Ligand SMILES: *Cc1c(COP(=O)(O)O)cnc(C)c1O
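In our numbering, the protein residues as written are 1 to 388.
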């Protein structure tokens, strides 16, 4: 089946749910058993729910849908995208191990590596996101994982995932991908060699800015067992209400993403023609340095764009531009229906690769509003920026 059909059908087993279209919210801590032996059997097989922490049919319906869309064997829901990242890293890394992390990684992932993993005795090396097959030279005897995120948070370097997975697998190292930007629709992680794919379901899957949720999908059962053990030990269980909302959002994701893509492409193209803009960081643009890899590996582009302005503006000038916008609102978590804008500074977080561009940076998220209204809002913002 094609993705548009899967998005609608995957994980729905109406016969289990009184023929309802949507799996209802099953709330449970305690699960009852007909015999003591049945209870102990469920407990021994850690995957059968003997307790609500493992989830209910509401959770399983969403897990099954996400696993199918990503193209993996099984998926697990955890309380946030960040929890999906930290649970995965804790599942595989022990004191004395080494992990390679892309330098363009989502900020809180970097923070977790620097603060918690290092404290636990894990060695962390950040690498240039564009390293490709060169990752091989950084793999040590004790390297367990390569963590990738493509395109990179804020700066949009598209990683050569097939080259990285090939080099890592040659040395028995697993590759994790934060696949949140592309969603399971626009990048198929397991077709490109990834072992574990993470979604911040808070973003496009939920799609309505009111749910926090993450998913971890694995290539095979063996990897799943390791992730599941960490999930089970950490107690990172999720609310069935949140799973219900995420499943509800998922059903329209293909339609929403097509509109986000069209809007973002229109906004990105318009931005390229502006004198206030030095560079638009959006991989679907032919001028983007990673465009060829994006075209080779991805099925589409989503709503997030970064812009490098023509020069370094004062913080006050950037505030003048952004504070008075009417369509693009100030907020962090993209993936919802509403447009967003923020400024950022990539120089402050890089350690393995240098950010040499000098213009101020702005991140724009194209929501589902009318694109003419978006362009007018940006144009008025640029007028305020120039005047400030
Ligand atoms: C938002 C985001 C996350 C974290 O998701 P939360 O649910 O907010 O914790 C992880 N990775 C990327 C790339 C993100 O944009």
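Quick reminder that beta carbons are idealized off the backbone N, C-alpha and C, glycines included.
If you're wondering where the values come from, they're calculated on a predicted model, not measured in any experiment.
Residue i to residue j, Cα distance in whole Å?
i, j, result
"residue 301", "residue 182", "7 Å"
"residue 371", "residue 254", "19 Å"
"residue 13", "residue 23", "7 Å"
"residue 141", "residue 171", "9 Å"
"residue 47", "residue 330", "42 Å"
"residue 148", "residue 159", "8 Å"
"residue 3", "residue 186", "10 Å"
"residue 74", "residue 220", "8 Å"
"residue 65", "residue 366", "26 Å"
"residue 323", "residue 378", "12 Å"
"residue 69", "residue 224", "17 Å"
"residue 30", "residue 210", "27 Å"
"residue 337", "residue 32", "40 Å"
"residue 261", "residue 283", "11 Å"
"residue 138", "residue 93", "17 Å"
"residue 184", "residue 295", "16 Å"
"residue 281", "residue 297", "18 Å"
"residue 154", "residue 363", "7 Å"
"residue 369", "residue 246", "21 Å"
"residue 130", "residue 350", "13 Å"
"residue 200", "residue 63", "13 Å"
"residue 135", "residue 126", "11 Å"
"residue 51", "residue 39", "10 Å"
"residue 384", "residue 276", "12 Å"
"residue 314", "residue 382", "14 Å"
"residue 59", "residue 388", "50 Å"
"residue 263", "residue 271", "12 Å"
"residue 19", "residue 11", "14 Å"
"residue 6", "residue 67", "11 Å"
"residue 243", "residue 87", "18 Å"
"residue 143", "residue 215", "24 Å"
"residue 389", "residue 35", "Outside the displayed span of the chain (1 to 388) sits residue 389, for which this structure offers no information."
"residue 417", "residue 222", "As displayed, the chain neither begins before 1 nor continues past 388, which places residue 417 out of reach and without an answer."
"residue 128", "residue 25", "44 Å"
"residue 213", "residue 110", "19 Å"
"residue 191", "residue 267", "31 Å"
"residue 152", "residue 8", "29 Å"
"residue 156", "residue 346", "11 Å"
What do you reckon, is the C-beta of residue i under 8 Å from a heavy atom of ligand 2?
i, result
"residue 359", "As for ligand 2, it is missing from this structure, which binds only ligand 1."
Which residues does DSSP list as the beta-bridge partners of residue i?
i, result
"residue 51", "30"
"residue 77", "215"
"residue 177", "148 and 197"
"residue 291", "Bridge partners of residue 291: none, in fact."
"residue 126", "101"
"residue 281", "306"
"residue 143", "98"
Check the C-beta distance from residue i over to residue j and give it rounded, since I have them as a contact under 8 Å.
i, j, result
"residue 343", "residue 318", "5 Å"
"residue 57", "residue 118", "Not quite, the Cβ-Cβ distance comes to about 40 Å (not below 8 Å), so this is no contact."
"residue 122", "residue 114", "At roughly 11 Å, the Cβ-Cβ gap does not stay under 8 Å, so residue 122 and residue 114 are not in contact."
"residue 189", "residue 177", "5 Å"
"residue 204", "residue 72", "Not quite, the Cβ-Cβ distance comes to about 17 Å (not below 8 Å), so this is no contact."
"residue 174", "residue 198", "Actually they do not touch by this definition, with Cβ atoms about 13 Å apart."
"residue 374", "residue 333", "Not really, about 19 Å apart at Cβ, beyond 8 Å."
"residue 165", "residue 193", "3 Å"
Looking at chain D, is there any beta carbon in it that lies within less than 9 Å of the beta carbon of residue i?
i, result
"residue 165", "Reference to chain D is not applicable here, since this structure consists of a single protein chain."
Are at least three pairs of beta-carbons, each pair with one atom in the segment 321-328 and one in the segment 219-234, less than 8 Å apart? Result no; under three Cβ-Cβ pairs closer than 8 Å.
I want to know whether the segment 232-242 touches the segment 253-271 - three or more CB-CB distances under 8 Å. With a cut-off of 8 Å, the segment 253-271 and the segment 232-242 do not count as touching, because too few Cβ pairs lie within range.
Entirely enclosed beta strand (DSSP E) segments - the segment 313-371, minimum 3 residues: Correct list: 340-344 and 361-365.
On the three-pair Cβ rule with 8 Å, is the segment 242-254 touching the segment 277-288? By the Cβ criterion, the segment 242-254 is not in contact with the segment 277-288, since fewer than three pairs of Cβ atoms, one from each stretch, lie closer than 8 Å.
Quick test of the definition: if touching needs 3 or more C-beta pairs under 8 Å, does the segment 93-104 touch the segment 75-84? Counting Cβ pairs under 8 Å, fewer than three are found: no touch.
If you pair each beta-carbon of the segment 306-314 with each one of the segment 347-363, do three or more pairs fall below 8 Å? Yes, they touch.
I'd like the ranges of any alpha helix (DSSP H) spanning at least 4 consecutive residues and lying wholly in the segment 232-278. Runs of the alpha helix (DSSP H) inside the segment 232-278: 240-250 and 253-272.
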